[in-house]
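So in full-length UniProt numbering the end of the sequence shown lands on 239, straight run, no missing numbers. Even glycine gets a Cβ: it sits at the ideal position worked out from N, Cα and C. Keep in mind it's a predicted model, so treat the numbers as computed, not measured. To start, the structure itself, in structure tokens.
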Amino acid sequence: VIEAFYCNGSAEEQAEATAFDWLMHCLALTWKIIFLIVPPPSLLGAYPSFFCSLIGIGLVTVVINDAASLLGCSVGMADDLTAITLVALGTSLPDTLASRTAAISDEHADNSIGNITGSNTVNVLLGMGISWTIGSIYWAFAGVTDEWKHHQTISGSYEQLYLAKNPDGGFIVAAGAISFSVTAFAVLALVCVALLFTRRRVYGGELGGPKSAQRRDSLLCFSLWVMFIVANIVYDQVK
1 VIEAFYCNGS AEEQAEATAF DWLMHCLALT WKIIFLIVPP PSLLGAYPSF
51 FCSLIGIGLV TVVINDAASL LGCSVGMADD LTAITLVALG TSLPDTLASR
101 TAAISDEHAD NSIGNITGSN TVNVLLGMGI SWTIGSIYWA FAGVTDEWKH
151 HQTISGSYEQ LYLAKNPDGG FIVAAGAISF SVTAFAVLAL VCVALLFTRR
201 RVYGGELGGP KSAQRRDSLL CFSLWVMFIV ANIVYDQVK
């Protein structure tokens with residue numbers, strides 16, 4: 001419990017903490033206190049800690065999603081843009097910090113890069129798979145209800161668009177800008193992978209190398225993210 005109130009976890013580490021460490025500590029202190037309810041890893045082989053952490057992360061993600069949606073609605077931002085900016089930043093920062101820690105402390109770059117790719121794999125395959133399966137099961141039992149009929153999309157209600165072909169109802173997710181977003185992501189991701197291969201050939205590893213190369217490639221990766229956001233904003237305005 002006491003470790004949560006120390007910057008970097010102990011009095012000794014706190015004495016050597018940088019301004020950035022203090023900033024992150026202040027930002028995370030509230031969440032550290034809330035997550036004190038998670039059992040310690042030493043209890044029952046860490047299984048209670050693991051599952052309680054998953055539940056806590058899920059609840060925090062719900063809060064982030066709702067808060068981002070409300071903020072996007074307040075400033076007139078489309079839901080798809082809110083998802084790839086505010087929600088994505090809020091849910092991906094833990095992965096970013098975990099990858100940073102792995103890159104600094106581990107001998108190889110496998111964990112830092114594998115954490116990012118593994119996290120996105122879970123998001124895509126489990127995130128959509130589980131939620132869509134639950135939604136499909138629910139609407140299979142619920143059938144056609146007034147709520148289902150009157151659910152509105154940009155093109156009209158479910159009753160107008162889908163009832164003729166789906167007389168028993170069902171779980172339907174209307175396609176939006178996802179096809180363009182995924183295409184843009186795939187192209188930029190290939191550029192990033194090409195950068196990693198180039199760094200391995202030139203510097204002998206995906207991470208590290210001369211300071212100038214580190215700054216240059218960090219700026220390039222950041223620029224790819226900015227290009228992704230800008231491309232989606234432009235597409236949202238012209239579609």
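Glu3 sits exposed, since fewer than 16 C-beta atoms from the chains shown fall within 10 Å of its C-beta. Counting along the chain, Thr133 sits inside the alpha helix (DSSP H) bounded by residues Met128 to Ala142. Approximately 6 Å separates the beta-carbon atoms of Pro40 and Ser49; this is inside 8 Å, confirming the contact. Taking 8 Å as the cut-off, the Cβ atoms of Gly72 and Asp79 count as close. In the displayed model, Ser155 falls within coil according to three-state DSSP, outside both helix and strand. Taking 8 Å as the cut-off, the Cβ atoms of Gly205 and Ala109 count as close. The DSSP assignment places complete alpha helix (DSSP H) segments of no fewer than 4 residues inside the segment 43 to 108 at 47 to 75, 79 to 82 and 88 to 105, in order along the chain. DSSP places Phe197 inside the alpha helix (DSSP H), whose first and last residues are Ile178 to Tyr203.
Under the 10 Å beta carbon count, Ile34 is surrounded by fewer than 16 other beta carbons and is classified as exposed. With a beta-carbon spacing of about 48 Å, Asp236 and Leu44 fall beyond the 8 Å limit used to define contacts.
A residue is called buried when at least 16 other Cβ atoms come within 10 angstroms of its Cβ; Tyr138 does not meet this threshold and is exposed. Your pair Val38 and Gly56 checks out as a contact, with CB atoms roughly 6 Å apart and the cut at 8 Å.
The Cβ neighbour count for Trp31, taken over all protein chains shown within 10 Å, is under 16; the residue is labelled exposed.
The Cβ atoms of Asp168 and Gly143 sit closer than 8 Å to each other. When the alpha-carbon of Asn111 is set against those of Ser136, Val124, Thr96 and Leu188, the nearest one is in Thr96. Around the beta carbon of Phe228, 16 or more other beta carbons lie within 10 angstroms, which makes this residue buried. In this structure, Asn232 and Ile84 form a Cβ contact; the two beta carbons are roughly 6 Å apart against a cut-off of 8 Å. For Asp146, the uninterrupted alpha helix (DSSP H) run begins and ends at Asp146 to His150, by DSSP. In the three-state scheme derived from DSSP, where H, G and I count as helix and E and B as strand, Val38 is classed as coil.
Annotated as proximal: Thr153 and Leu161, with beta-carbon spacing under 8 Å.
Sixteen is the threshold: since fewer than 16 other Cβ atoms of the shown chains lie within 10 Å of the Cβ of Cys26, the residue is exposed.
When DSSP states are grouped into helix, strand and coil, Glu12 belongs to the helix group.
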